[in-house]
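According to our numbering, the stretch in the sequence shown is residues 143 to 444, in order.
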Amino acid sequence: MKILFMGTPLFAQVVLAHLLEEGFEVVGLITQPSKPFGRQQQMKDSATKVFIQEKQLPIPVFEPLKIDDLTLQTIQNLKPDVVVVVAYGKILPQSLLNLVPCINLHGSLLPQFRGASPIQEMILHDLSEFGVSVIKMSAQMDAGDILGMDSFIKDRDYNAEELGTRLACMGARLVARVLNQLEQITPIPQDHTKATYCKKISKENGLVAFDSAKTVYLKSLAYTPWPGVFLKSGLKLFGIELINTQDCHQEGEILALEGESVLVGCLRGVLKIAILQAPGKQKIAAKSYLSGKRLKVGEILN
Numbered sequence: 143m144k145i146l147f148m149g150t151p152l153f154a155q156v157v158l159a160h161l162l163e164e165g166f167e168v169v170g171l172i173t174q175p176s177k178p179f180g181r182q183q184q185m186k187d188s189a190t191k192v193f194i195q196e197k198q199l200p201i202p203v204f205e206p207l208k209i210d211d212l213t214l215q216t217i218q219n220l221k222p223d224v225v226v227v228v229a230y231g232k233i234l235p236q237s238l239l240n241l242v243p244c245i246n247l248h249g250s251l252l253p254q255f256r257g258a259s260p261i262q263e264m265i266l267h268d269l270s271e272f273g274v275s276v277i278k279m280s281a282q283m284d285a286g287d288i289l290g291m292d293s294f295i296k297d298r299d300y301n302a303e304e305l306g307t308r309l310a311c312m313g314a315r316l317v318a319r320v321l322n323q324l325e326q327i328t329p330i331p332q333d334h335t336k337a338t339y340c341k342k343i344s345k346e347n348g349l350v351a352f353d354s355a356k357t358v359y360l361k362s363l364a365y366t367p368w369p370g371v372f373l374k375s376g377l378k379l380f381g382i383e384l385i386n387t388q389d390c391h392q393e394g395e396i397l398a399l400e401g402e403s404v405l406v407g408c409l410r411g412v413l414k415i416a417i418l419q420a421p422g423k424q425k426i427a428a429k430s431y432l433s434g435k436r437l438k439v440g441e442i443l444n
């Protein structure tokens, strides 16, 4: 079976690597073009492209700005039996879906959390079960018939980076299984009445206030490594633990120091915060930050 792989980030790279290990013939990679990254705005290649280059694999890499007629001709020349799409980063045109069968690995149990940020949404909703789906792609986003699903019961709290890694490994095995059984699988239509949606994450999503301790905690998990969580003042919070959800305090009330960390009260609940970072400054232990600002127990962290 000849596979054309479409994917961009580390999540996709894990799947690509597994398919190659399992002996699938990958005839090409289509990925997002290199983009400026960091303060220096240096060009950064996609994780999938870097993987191909570092392994010196004889797989052609294409980085089209959009899937146009020229790209479609290139795809046709590769003669793939199936296109595997994993976090490619753009919606595919109907012209491609008509050209060759396309399957997609999505980071949720569809029809829940269709869209760009399913892993973060599963964390924010404090689900007890996490999973992935493989679907036959259709014109409507993440709405195609289901070819396979896999899941696990939550055994601890995961941040988005950790959960993404575990789901990528699970998804890689699922994609391989689906490809091996593709001719025998009966696709199952999604229940569109139960569909929920999630948007692309922006920096503003990381803004928090000390109203609900649980909300701040879940956001800190969902938005690791990016955009993180921060107060209106720009103060960034790291190493957050949820102490309780019942106690009632003033927003941001400094309750106590515990080692190098600080206990902070919320309208509902208490948080333990290990590290703080003021705008333009280095990360430092919460205790050192409070000392530098001469903030004491009973005062407000904001």
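Ideal Cβ positions, reconstructed from N, Cα and C, are used throughout, including at glycine.
These numbers come from a predicted model, not from an experiment.
Start and end of the beta strand (DSSP E) containing Asp-211?
-> Here Asp-211 belongs to no beta strand (DSSP E); instead the alpha helix (DSSP H) covers 211-220.
Which word fits Lys-191, buried or exposed, when buried means at least 16 other C-beta atoms lie within 10 angstroms of its C-beta?
-> Result: buried.
Exposed or buried, Thr-328, counting other C-beta atoms within 10 Å across all chains shown (16 or more means buried)?
-> exposed
Mind checking who Tyr-339 pairs with in its DSSP beta bridge?
-> Arg-256
How would you call Pro-253, buried or exposed, if buried means at least 16 neighbouring beta carbons within 10 angstroms?
-> Within 10 angstroms of the beta-carbon of Pro-253 lie 16 or more other beta-carbons, which makes it buried.
Opposite His-248 in the DSSP bridges: which residues?
-> Ser-275
Simplified DSSP assignment, three categories, for Val-224 = strand
Between Cys-390, Glu-383 and Leu-379, which lies nearest to Leu-432 when the distance is taken from Cα to Cα?
-> Leu-379
Would you report the Cα separation of Ser-293 and Cys-311, rounded to the nearest angstrom?
-> A straight-line Cα-Cα distance of about 12 Å links Ser-293 and Cys-311.
Any idea if Cys-390 is buried or exposed, counting beta-carbon neighbours within 10 angstroms, 16 or more meaning buried?
-> exposed
Where the beta strand (DSSP E) through Gly-290 begins and ends = Note, Gly-290: beta strand (DSSP E), 288-295.
Look up Gln-184 in the DSSP assignment and give the residues it is bridged to.
-> Answer by DSSP bridge pairing, in chain order: Phe-179.
Strand pairing of Gln-174, partner residues [DSSP] = Gln-174 is not bridged to any residue.
Would you give the residue range spanned by the alpha helix (DSSP H) that Lys-429 belongs to?
-> 428-435
Residue span of the beta strand (DSSP E) that contains Glu-383, given as start and end = 378-386
What is the DSSP secondary structure of Ala-154, reduced to helix, strand or coil?
-> helix
Does Lys-423 get closer than 8 Å to chain D when you measure Cβ to Cβ?
-> Within the model displayed, chain D is absent; a lone protein chain is all it includes.
Opposite Ile-116 in the DSSP bridges: which residues?
-> Outside the shown range of the chain (143 to 444) lies residue 116, about which nothing can therefore be said.
Give every residue of the same chain whose Cβ lies closer than 7 Å to the Cβ of Leu-207, excluding the five residues on either side of it in the sequence, and list them in chain order.
-> Pro-175
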